[in-house]
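Below is one structure, written out as structure tokens; comments come after it.
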Amino acid sequence: MECREAERLVMPYIQGRLSGQELEDLLEHVEGCPGCQEELEIYFTVEVGLKQLEEESGSYNIKGEMEASLEASRQKVRIGRLFKVVCYAVDTLAGLGLASTFLLQLRIWFG
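Here it is in structure tokens:
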């Protein structure tokens with residue numbers, strides 16, 4: 005992912021509107037690009053800070069909230085990857101089960 009694409013995804017990230025793949029791509033890029041990480045921090049600070057001021061609530065530990073948000077996003081990405089692996093495993097086992105059943109049925113018919 006290029007910096008321009010990452011910058012385009014910053015606000016949707018803060019607003020929680022990214023798909024799983026977009027989130028994964030953004031996190032991977034931001035962790036390796038100090039410029040985009042700073043951009044995310046600036047937008048996050050402004051967006052969350054204004055929201056807390058409007059609601060007159062919050063801890064005002066915006067840096068900590070951003071780290072918590074990033075960690076929650078990383079966890080979401082890890083769970084998504086695990087879910088994909090489990091789905092592939094189940095699909096593979098189902099396919100093997102069907103193939104075995106078919107072979108056993110052929111054995112009964114022609115055996």
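Residue numbering for the sequence shown is 5 to 115, as defined by my numbering.
Glycine included, each C-beta is placed from N, C-alpha and C at the ideal position.
Residue i to residue j, Cα distance in whole Å?
i: Val14; j: Lys67; result: 16 Å
i: Leu44; j: Gly24; result: 18 Å
i: Leu65; j: Gln56; result: Before going on, a small fix: residue 65 reads as Asn here, not Leu. So the two alpha carbons sit approximately 10 Å from each other.
i: Leu86; j: Leu31; result: 17 Å
i: Gly36; j: Glu42; result: 11 Å
i: Glu75; j: Arg82; result: 10 Å
i: Lys80; j: Lys88; result: 12 Å
i: Met70; j: Val34; result: 13 Å
i: Ile46; j: Glu6; result: 19 Å
i: Glu26; j: Gly39; result: 19 Å
i: Ala10; j: Ala72; result: 20 Å
i: Gly115; j: Gln109; result: 9 Å
i: Phe48; j: Leu54; result: 10 Å
Helix, strand or coil: which one does DSSP assign to residue i?
i: Met15; result: helix
i: Met5; result: coil
i: Cys37; result: coil
i: Glu32; result: helix
i: Arg78; result: helix
i: Ser104; result: helix
i: Ser73; result: helix
i: Tyr64; result: coil
Pick out whichever of the options has its Cα sitting closest to the Cα of residue i.
i: Glu51; options: Pro16, Ala76 and Gly39; result: Pro16
i: Arg78; options: Leu22, Gly99 and Leu97; result: Leu22
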